[in-house]
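Everything below concerns the one structure shown next.
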């Protein structure tokens, strides 16, 4: 087991120390010195909630399939550890290697609900990364926000370098490859990378747009600052659900998580189309996975985790 970022004395003071030690069943282990990109995947909420999120598990699987990327996880510490980290000046760390995430290339933060917005600032503050994107240097990681809340990115635009609009299976590979190529070519600067990243479908770079507002606070116009920056950012959608990455060896936590069973995503979108439903609008159109593939995934995940239950994940699963 790797050397832990927290001492035994600190761990013994915490409510659930297993939240912070990593090394769970099916955790991906790589040599950080042999990869080109280190990516800290962050769910800005407590461990039990973050470990229950299927989207993180999908991207964790997808990124770690690449030999040149090591994707690790980080969650919001519970208040007991938050207090100690501030007092002891301990930088926020990833679970896999226990290394500070301020030394990573990317910190990807998923925004699933507006109540976690303040936790973005908690993550950045504990990680000792400048809060404002305008204050970051070439030595700081790229702060990338994704998830359904980035479909309305302006409330958090000043704190993130990039916003990914849509489903992660589509454009992340292009973004990571661009970063790797620029690093290898020796011409990497944060500003130049963001300028080129803005040309990848689904990538919104807030600093490259001039946003003006109406008197009532609604957006009047979004104007690109440069000619090569697209006027509109198009949401990315995985058309064929059978072709997307899926975690057949999902992580199994040491403590009971909110979703304590195998999660089988059977479809995205919803057949109902209710106008009041944010998820129904964000995840449309309705796309189903094939039955044969679902059977294969179900067996593989039960075998690789030891779980005895399966949760069918989708909107209106019973339909």
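In the numbering used here, the protein residues as written are 192 to 510.
The C-beta atom is built at its ideal place from N, Cα and C for all residues, glycine as well.
Exercise for review: Using the Cα positions of residue 324 and residue 490, report the straight-line distance between them to the nearest angstrom.
Suggested key: Their backbone Cα atoms lie some 44 Å apart in a straight line.
Exercise for review: Drop a sphere of 10 angstroms on the beta-carbon of residue 261, count the other beta-carbons inside from all chains shown, and report buried for 16 or more, exposed for fewer.
Suggested key: Residue 261 counts as buried, since at least 16 other C-beta atoms from the protein chains shown sit within 10 angstroms of its C-beta.
Practice item. Evaluate residue 520 with the Cβ neighbour count: other Cβ atoms within 10 Å of its Cβ, from every protein chain shown; 16 or more gives buried, anything less gives exposed. Key: No answer is possible for residue 520: it lies beyond the span of the chain, which begins at 192 and ends at 510.
Check your understanding: According to the neighbour-count rule (16 or more other Cβ atoms, all chains shown, within 10 Å of its Cβ), is residue 293 buried or exposed?
Key -> Label assigned to residue 293: buried.
**Study point:** Own chain, CB closer than 6 Å to residue 469, minus 5 neighbours either side, in chain order
**Key:** Closer than 6 Å at the Cβ level, and outside the excluded window around residue 469, lies no residue.
**Study point:** Backbone CA spacing between residue 298 and residue 462 [nearest angstrom]
**Key:** Looking at the backbone, the Cα of residue 298 and that of residue 462 are separated by about 34 Å.
Review point. Residue 295 by DSSP, collapsed to three states: which one?
Key: Residue 295: coil per DSSP, three-state reduction.
Check your understanding: Shortest alpha-carbon distance to residue 486 belongs to which of 459, 460, 222 and 454?
Key -> Ranked by Cα distance from residue 486, the first of 459, 460, 222 and 454 is 454.
Check your understanding: How many Å lie between residue 364 and residue 405 at the Cα?
Key -> CA-CA distance, residue 364 to residue 405, rounds to 37 Å.
Exercise for review: Take the Cβ of residue 280 as the centre, count every other Cβ of all protein chains shown within 10 Å, and call the residue buried at 16 or more, exposed below.
Suggested key: Residue environment for residue 280: exposed (fewer than 16 other C-beta atoms within 10 angstroms of its C-beta).
Exercise for review: Kindly identify the DSSP beta-bridge partner or partners of residue 478.
Suggested key: Note: residue 478 sits in a beta bridge opposite 459.
Exercise for review: Go through its chain and collect everything with a Cβ distance to residue 391's Cβ below 8 Å, but skip five positions before and after it.
Suggested key: Around residue 391: 362, 365, 366 and 369.
Check your understanding: What residue does the beta strand (DSSP E) around residue 337 start on, and which one ends it?
Key -> Note, residue 337: beta strand (DSSP E), 333-337.
Review point. Where does residue 343 land, buried or exposed, given buried means 16+ other C-beta within 10 angstroms?
Key: Per the 10 Å Cβ criterion, exposed.
**Study point:** Selected residue, minimal CA-CA separation from residue 331, among 230, 213 and 495
**Key:** Closest by alpha carbon: 230.
Review point. Can you list, in chain order, the residues of its chain whose CB lies under 6 Å from that of residue 291, leaving out five sequence neighbours each side?
Key: Cβ neighbours of residue 291 beyond the five flanking positions: 282 and 284.
Review point. By Cβ distance below 6 Å, which residues in the same chain neighbour residue 196 in space, the five residues on each side in sequence not counted?
Key: Hits under 6 Å: 284 and 289.
Check your understanding: If we ignore side chains and look at the alpha-carbon of each, how far apart do residue 337 and residue 303 end up?
Key -> The alpha-carbon atoms of residue 337 and residue 303 are separated by roughly 9 Å.
Check your understanding: Going by Cα to Cα distance, which pick from 243, 234, 218 and 270 is closest to residue 256?
Key -> Looking at 243, 234, 218 and 270, the one whose alpha-carbon comes closest to that of residue 256 is 218.
Exercise for review: Assign residue 502 to one of three DSSP states: helix, strand, or coil.
Suggested key: Looking at residue 502 - three-state DSSP - the assignment turns out to be strand.
Practice item. Name the residue from 396, 411 and 445 whose alpha carbon lies nearest to the alpha carbon of residue 402. Key: When only C-alpha atoms are compared, the closest one is 411.
Review point. If you run the structure through DSSP and keep just helix, strand and coil, what is residue 353?
Key: Annotated three-state conformation of residue 353 is strand, per DSSP.
Check your understanding: Where residue 235 and residue 341 are concerned, what is the direct C-alpha to C-alpha distance, given to the nearest angstrom?
Key -> Near 14 Å, if we compare the C-alpha coordinates of residue 341 and residue 235.
Review point. Nearest to residue 356 by CA position, among 397, 465, 309 and 378, is which residue?
Key: Out of 397, 465, 309 and 378, 397 has the C-alpha closest to the C-alpha of residue 356.
**Study point:** Burial state of residue 194 (16 or more Cβ within 10 Å)
**Key:** The residue in question, residue 194, is exposed, as its Cβ has fewer than 16 Cβ neighbours within 10 Å.
Review point. Among 321, 276, 269 and 414, which residue has its Cα nearest to the Cα of residue 424?
Key: Closest option to residue 424, Cα to Cα, is 414.
Review point. Does the segment 264-279 touch the segment 378-388, meaning 3 or more C-beta pairs lie closer than 8 Å?
Key: The answer is no - the segment 264-279 does not touch the segment 378-388, with fewer than three Cβ pairs under 8 Å.
**Study point:** 6 Å CB neighbourhood of residue 460 in its chain, flanking five on each side removed
**Key:** Here the set comprises 474, 475, 476, 477 and 478.
**Study point:** Residue burial classification, residue 243 (beta-carbon count within 10 angstroms, cutoff 16)
**Key:** Residue 243 counts as buried, since no fewer than 16 other beta carbons sit within 10 angstroms of its beta carbon.
**Study point:** Nearest-angstrom beta carbon gap, residue 371 and residue 259 [assumed within contact, 8 Å]
**Key:** Taking the Cβ atoms as the reference, residue 259 lies roughly 6 Å from residue 371, within the contact range of under 8 Å.
Check your understanding: When you compare only the Cα positions, how much space is there between residue 220 and residue 237?
Key -> Taking the straight line from one Cα to the other gives about 23 Å.
**Study point:** Burial state of residue 277, where buried means 16 or more other Cβ atoms lie within 10 Å
**Key:** Counting the other Cβ atoms within 10 Å of the Cβ of residue 277 gives fewer than 16, which makes it exposed.
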